[in-house]
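Read through the structure below, which is laid out as structure tokens, and then see the notes.
Residue numbers (my numbering), protein chains in the order written: chain A, 1 to 114; chain B, 115 to 228.
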């Protein structure tokens, strides 16, 4: 009964490939997020969706495209992968898009681009 | 602009010793402050949060943190560390208005020696 789950846990791929990471939450939350954690452990928000609508879109290359088919899912598709995309990607969810609402994080997806 | 500084990259303490992890923030208004813990291979888990009121907040696993406006600090403390506390600890600041955008520090890695 994992609250926020991500697949796959590990992803190793070649430069130039296109890949997707899936995220699902069973908490009934309205808001979901994608974060990127680089090799120095710096964690930065990429996107946020509320009720399937994009509400945060930080400065992220347009090779990254989030898709929210429903409130429980927020997938991340990455085109033309580059070496610099290697990182751990975390999905999170919260009840609402408010700083007073706790964000619950998934276990992360470690992406390695060769 | 919001920012969070965690001056200690790595701290080593003996089991049973007290712990204090430092966090300084930069934010124009009264911030929302958070401490998260990341165990190896796991996602982030919320330890505690401060929004307003009593400046000493209690969290899970015996942790507490104190908000000091004059020092722009939100240090995390635990009186007696357990071996299971070994993890990466992240301080974060959230905005009072707008979407739930958390700004994280670069983390402090805690090693606990027997």
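Backbone N, C-alpha and C define an ideal beta-carbon position, used for all residues, glycine too. As the structure is a prediction and not an experimental result, all values here were calculated from the model.
Fill in: Opposing strand residues paired with residue 192 (chain B) [DSSP bridges]
As a first step, residue 192 (chain B) must be located in the second chain, where it is residue number 78. Beta-bridge pairing links residue 192 (chain B) to B:133.
Worksheet item: Given a limit of 8 Å on CB to CB distance, which residues of the segment 170-198 of chain B reach chain A?
Response: none
Discussion item. Can you check which of these residues, A:66, A:20, A:29, is closest to residue 81 (chain A) by C-alpha distance?
Written reply: Taking the first residue of the first chain as position 1, residue 81 (chain A) is located at position 81. Looking at the Cα atoms, A:20 is the closest of the given residues.
Worksheet item: How many Å lie between residue 190 (chain B) and residue 71 (chain A) at the Cα?
Response: Looking up residue 190 (chain B) in the second chain gives position 76. Looking up residue 71 (chain A) in the first chain gives position 71. Between the C-alpha atoms of residue 190 (chain B) and residue 71 (chain A) there is a straight-line separation of about 34 Å.
Discussion item. Let me check understanding here. Comparing Cα to Cα, which of A:77, A:34, A:78, A:17 lies closest to residue 216 (chain B)?
Written reply: Mapped onto the second chain, residue 216 (chain B) falls at position 102. Among A:77, A:34, A:78, A:17, the Cα nearest to that of residue 216 (chain B) is on A:34.
Fill in: For residue 149 (chain B): DSSP bridge partner residues
Here residue 149 (chain B) refers to the residue found at position 35 when the second chain is read from its first residue. B:162, B:205.
Item to complete: List the whole-angstrom C-beta distance separating residue 113 (chain A) from residue 15 (chain A), where the pair is believed to meet the contact cut-off of C-beta under 8 Å.
Response: Within the first chain, the letter at position 113 stands for residue 113 (chain A). Within the first chain, the letter at position 15 stands for residue 15 (chain A). About 6 Å separates the two Cβ atoms, so the contact holds.
Fill in: Cβ pair count under 8 Å reaching 3, the segment 150-161 of chain B against the segment 119-135 of chain B
no
Worksheet entry | Counterpart residues of residue 32 (chain A) in DSSP-defined beta bridges | On the first chain, position 32 is the one that residue 32 (chain A) refers to. DSSP, once it has assigned bridges, lists A:49, A:93 as partnering residue 32 (chain A).
Practice prompt. Just tell me which of A:63, A:44, A:53 has its CA closest to the CA of residue 31 (chain A).
Written response: Residue numbering aside, residue 31 (chain A) sits at position 31 when the first chain is read from its first letter. Residue 31 (chain A) has its Cα closest to that of A:53, out of A:63, A:44, A:53.
Worksheet item: Whose C-beta lies closer than 7 Å to the C-beta of residue 45 (chain A) among residues of the same chain, with five residues either side of it excluded?
Response: As a working note, residue 45 (chain A) is residue 45 in the first chain. If we look at residue 45 (chain A) and ignore the five residues flanking it on each side, its Cβ neighbours are 33, 35, 56, 58.
Worksheet item: Got a sec, what are the start and stop residues for the beta strand (DSSP E) residue 227 (chain B) sits in?
Response: Translated into positions along the second chain, residue 227 (chain B) becomes position 113. Note, residue 227 (chain B): beta strand (DSSP E), 222-227.
Worksheet item: Quick one, which of B:220, B:186, B:203 has its alpha-carbon nearest residue 145 (chain B)'s?
Response: Taking the first residue of the second chain as 1, we reach residue 145 (chain B) at position 31. Residue 145 (chain B) has its Cα closest to that of B:186, out of B:220, B:186, B:203.
Worksheet entry | Buried versus exposed, by CB contacts within 10 Å (16 or more), residue 169 (chain B) | The residue labelled residue 169 (chain B) in the question sits at position 55 within the second chain. Exposed: under 16 other Cβ atoms inside 10 Å.
Item to complete: Tell me, to the nearest whole angstrom, how far the beta carbon of residue 204 (chain B) is from that of residue 83 (chain A); I am working on the premise that it is less than 8 Å.
Response: As a working note, residue 204 (chain B) is residue 90 in the second chain. As a working note, residue 83 (chain A) is residue 83 in the first chain. Contact flag wrong, Cβ pair sits at about 25 Å.
Worksheet item: Of the residues A:78, A:90, A:86, A:64, which one's Cα is nearest the Cα of residue 5 (chain A)?
Response: Within the first chain, the letter at position 5 stands for residue 5 (chain A). For residue 5 (chain A), the nearest C-alpha among the options comes from A:90.
Worksheet entry | residue 235 (chain B): contacting residues in chain A (beta-carbon distance under 7 Å) | With chain B covering only 115 through 228, there is no way to say anything about residue 235 (chain B).
Discussion item. Strictly below 7 Å CB to CB, what residues from chain D border residue 40 (chain A)?
Written reply: No chain D is part of this structure, whose protein chains are labelled A and B.
Practice prompt. Leaving out five residues on either side along the sequence, give the residues of the same chain with a beta carbon under 6 Å from the beta carbon of residue 18 (chain A).
Written response: The count along the first chain starts at 1 and reaches residue 18 (chain A) at position 18. Its chain contains 79 as the residues whose beta carbon lies nearer than 6 Å to that of residue 18 (chain A), once the 5 sequence neighbours on both sides are disregarded; these appear in chain order.
Practice prompt. Look up residue 63 (chain A) in the DSSP assignment and say whether it is helix, strand or coil.
Written response: Here residue 63 (chain A) is taken as the residue at index 63 of the first chain, counted from 1. Note: residue 63 (chain A) maps to coil in three-state DSSP.
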